[in-house]
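Trainee: Just so we're aligned, residue 2 is where the sequence shown starts under the numbering used here, counting upward by one. Take this structure, written in structure tokens, and hold onto it; I'll ask about it next.
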Amino acid sequence: MTKPPPLHVTGSGMREGPFCLPQKKNDLQYPRNMSVLFAIGSNGSGQLGLAHKEDVSVPKQVLFHPDQPSSPITRIAAGGNHTLLLTGDGHLYWSGDPTPGACGLTAEATATEPVFQPVRLSKDDPSTGVRNVALVTATWEASFVARRDTDGKVTQLWSFGSGAKGELGQGELLVRSPSGTLFKEFPPAGTEIVDLAACMGHVVAVLSNGDAYGWGNGRKGQTGNPEGVLHQPRKVEGLDFKVARAVCGREFTCLFGDNETGRLAVLGSDKWNIQSSAPSSVPGWKDVGASWGDIYVLKRDGTLLCWGRNDHGQLAPPNLPKLARVAIGSEHVVAMSEEGDVLAWGWGEHGNCGPQVENNDAKGRWNVIASSRFIPPGSQITGIGAGCATSWVDITTG
């Protein structure tokens with residue numbers, strides 16, 4: 002690896018280095034209006050889809066087999082050692098360790114190197130993979146897919162992978178399956194799934210009627226009371242508002258009401274003061290997220306409210322610019338400023354915050370891992386993502 006040039010440190014806490022992508026405006030020779038995904042970070046199981054299993058700290062283009070998606074990536078879900086990519090037209094792709102079954106049926110996978118391939122939930126799925134996917138999330142070793150029915154409503158929930166503490170949500174007897182299993186009688190008739198969230202060992206689904214259901218490891222109360230392992234979805238009781246969004250940390254869940262009133266409820270452990278530090282309400286939220294030990298609220302005015310663990314600099318550094326988007330990883334944050342810079346901070350041991358870290362952290366500051374200033378004219382950064390020590394940037398070419 003060549004030695005990077007000296008860094009320029011600004012007074013805002015930002016560091017700029019050689020890891021804005023791409024390096025020269027003429028380096029990208031892609032068709033117009035094509036979505037190109039780049040990744041950095043942990044890659045020991047090939048979860049970045051780069052055709053190798055080495056960690057990277059400078060953005061590299063993600064590879065697909067047999068074909069590049071025709072629709073942009075709209076959602077990224079990351080387990081401990083696998084990644085799922087959802088496209089705008091409802092297709093799903095996987096890369097990483099298929100051993101636990103969280104990548105679906107892979108016996109007929111044709112790529113010999115770790116690249117993204119279509120997810121198949123059953124032998125009846127075509128080689129192009131499962132379709133009509135609306136939402137996706139993942140625990141450490143399991144994946145969850147919400148699909149549209151023939152009426153276009155999101156009423157079909159599938160799980161696949163491994164989980165000894167109820168993660169699959171299909172009863173006590175099902176602890177591992179690479180084929181997708183459809184949830185029976187869930188969601189309840191007349192409702193559909195509007196949000197789906199998970200962390201290492203539990204899952205929460207938000208329904209169109211404002212109810213929230215949880216399952217998996219709820220021993221800290223993160224799936225509601227009473228505490229314990231739940232092998233099937235159970236409604237979260239005791240809420241006095243309709244839930245619109247859910248985010249999950251390692252030992253907690255945060256449920257948000259509509260963004261006008263900003264009602265919220267934190268379930269589970271109070272480790273890192275995640276409950277006791279929570280505000281009474283967060284009106285005007287634009288987006289929400291959670292790491293293993295933190296909760297983040299992006300406000301409409303571009304400011305970022307956050308609380309929880311900060312031993313690796315996970316909380317927002319001072320003097321952040323106004324933000325347009327955020328994506329929350331296991332112990333780090335990826336954010337896009339209104340000016341078009343993609344920032345990363347927090348725990349960066351695997352290169353997921355860029356190459357410039359101190360004691361494996363980008364703490365009290367941020368790195369710029371991509372910038373609209375360094376891509377071809379007419380191109381745009383159209384998406385960002387964050388997973389288990391992984392970071393993602395999606396560019397639509399001009």
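Don't be surprised by glycine CBs; every beta carbon is placed ideally from N, CA and C. All of these numbers come straight from a predicted model, not from anything done at the bench.
Which of the three DSSP states, helix, strand or coil, is assigned to residue 21?
Mentor: Caution is warranted here: a pLDDT of 42 is assigned to residue 21, below 50, making its placement in the model unreliable, and no coordinate value can be reported.
Trainee: How many Å lie between residue 324 and residue 120 at the Cα?
Mentor: Rounded to the nearest angstrom, the two C-alpha atoms are 33 angstroms apart.
Trainee: Along the chain, which unbroken stretches of the beta strand (DSSP E) at least 3 residues long are found entirely within the stretch 237-305?
Mentor: List check, beta strand (DSSP E) in window: 246-249, 253-257, 265-269, 286-291 and 295-300.
Trainee: What does residue 375 pair with, by DSSP beta-bridge criteria?
Mentor: None, per the DSSP bridge assignment.
Trainee: If I follow the unbroken beta strand (DSSP E) through residue 149, where does it start and stop?
Mentor: From DSSP, the beta strand (DSSP E) with residue 149 extends over 143-149.
Trainee: Here's a check: name, in chain order, each residue in its chain whose Cβ is nearer than 8 angstroms to the Cβ of residue 100, leaving out the five neighbours to either side.
Mentor: Nothing listed; no residue qualifies.
Trainee: May I have the straight-line CA-CA distance separating residue 353 from residue 216, to the nearest angstrom?
Mentor: Computed Cα separation, rounded: 30 angstroms.
Trainee: When burial is assigned at 16 or more other CB atoms within 10 Å of the CB, is residue 109 buried or exposed?
Mentor: Classification for residue 109: exposed.
Trainee: For residue 343, report the span of its beta strand (DSSP E) as first-last.
Mentor: Its beta strand (DSSP E) spans residues 342-348.
Trainee: How many angstroms separate the CA atom of residue 102 from the CA atom of residue 84?
Mentor: About 12 angstroms.
Trainee: Here's the rule: buried if 16 or more other CB atoms are within 10 angstroms of the residue's CB, otherwise exposed. What is residue 163?
Mentor: Residue 163 should be labelled buried.
Trainee: Hey, how far is the Cα of residue 245 from the Cα of residue 196?
Mentor: Between residue 245 and residue 196, the C-alpha separation is close to 8 angstroms.
Trainee: So does the stretch 219-227 actually touch the stretch 235-249, counting three or more Cβ pairs closer than 8 angstroms?
Mentor: These segments touch.
Trainee: According to DSSP, is residue 362 helix, strand or coil?
Mentor: Note: residue 362 maps to strand in three-state DSSP.
Trainee: May I ask which residues mark the beginning and end of the beta strand (DSSP E) holding residue 76?
Mentor: It spans 74-79 - the beta strand (DSSP E) in which residue 76 sits, taken as one unbroken run.
Trainee: Give the straight-line distance between the Cα atoms of residue 304 and residue 79, rounded to the nearest whole angstrom.
Mentor: Taking the straight line from one Cα to the other gives about 26 angstroms.
Trainee: So the beta strand (DSSP E) residue 196 belongs to, where does it begin and stop?
Mentor: Residue 196 -> beta strand (DSSP E) spans 194-199.
Trainee: Under three-state DSSP, which class holds residue 357?
Mentor: Looking at residue 357 - three-state DSSP - the assignment turns out to be coil, as it is neither helix nor strand.
Trainee: For the putative contact between residue 387 and residue 368, defined by C-beta atoms under 8 angstroms, what is the C-beta separation to the nearest angstrom?
Mentor: Actually they do not touch by this definition, with Cβ atoms about 13 angstroms apart.
Trainee: Give the range of the beta strand (DSSP E) segment to which residue 179 is assigned.
Mentor: Unbroken beta strand (DSSP E) run through residue 179: 177-183.
Trainee: Quick one, are the C-beta atoms of residue 347 and residue 389 less than 8 angstroms apart?
Mentor: It is not a contact, given that the beta carbons lie outside the stated cut-off.
Trainee: So who's on the other strand from residue 307, going by DSSP bridges?
Mentor: Partner(s): 297.
Trainee: Under 8 angstroms, do residue 243 and residue 211 count as touching if we go by C-beta distance?
Mentor: Yes, these two residues count as a Cβ contact at 8 angstroms.
Trainee: Going straight from the alpha carbon of residue 269 to that of residue 218, what length do you get?
Mentor: For residue 269 and residue 218, the distance between alpha carbons rounds to 11 angstroms.
Trainee: For residue 63, name the three-state secondary structure that DSSP assigns.
Mentor: Correct three-state label for residue 63: coil.
Trainee: Could you check if residue 385 is buried or exposed, using at least 16 other CB atoms within 10 Å of its CB as the buried criterion?
Mentor: By the 10 Å Cβ count, residue 385 comes out buried.
Trainee: Helix, strand or coil: which one does DSSP assign to residue 339?
Mentor: Residue state, collapsed to three classes: coil.
Trainee: So residue 343 and residue 334 are supposed to be a Cβ contact under 8 angstroms. How far apart are they, rounded?
Mentor: Residue 343 to residue 334, Cβ: 11 angstroms. No contact.
Trainee: Can you tell me the Cα-Cα spacing of residue 96 and residue 45, whole angstroms?
Mentor: Those two C-alpha atoms are separated by around 12 angstroms.
Trainee: Just to confirm before moving on: does the CB-CB distance between residue 250 and residue 293 stay below 8 angstroms?
Mentor: Against a cut-off of 8 angstroms, the Cβ pair of residue 293 and residue 250 comes out as a contact.
Trainee: Go ahead and label residue 366 buried or exposed: buried means 16 or more other beta carbons lie within 10 angstroms of its beta carbon, across all protein chains shown.
Mentor: Under this definition residue 366 is a buried residue.
Trainee: Select from 213, 214 and 231 the residue whose C-alpha is nearest the C-alpha of residue 220.
Mentor: Nearest of 213, 214 and 231 to residue 220, Cα basis: 231.
Trainee: Give me whichever residues DSSP pairs with residue 41 in a beta bridge.
Mentor: Note: residue 41 sits in a beta bridge opposite 392.
Trainee: Is residue 256 buried or exposed, if buried means 16 or more other CB atoms sit within 10 Å of its CB?
Mentor: When all chains shown are included, residue 256 counts as buried.
Trainee: If we ignore side chains and look at the alpha-carbon of each, how far apart do residue 205 and residue 138 end up?
Mentor: One C-alpha to the other measures close to 10 angstroms.
Trainee: Below 7 angstroms CB to CB, which residues in the same chain sit around residue 81 once its five sequence neighbours on both sides are set aside?
Mentor: Excluding residues within five positions, the ones whose Cβ falls inside 7 angstroms are 141, 142 and 389.
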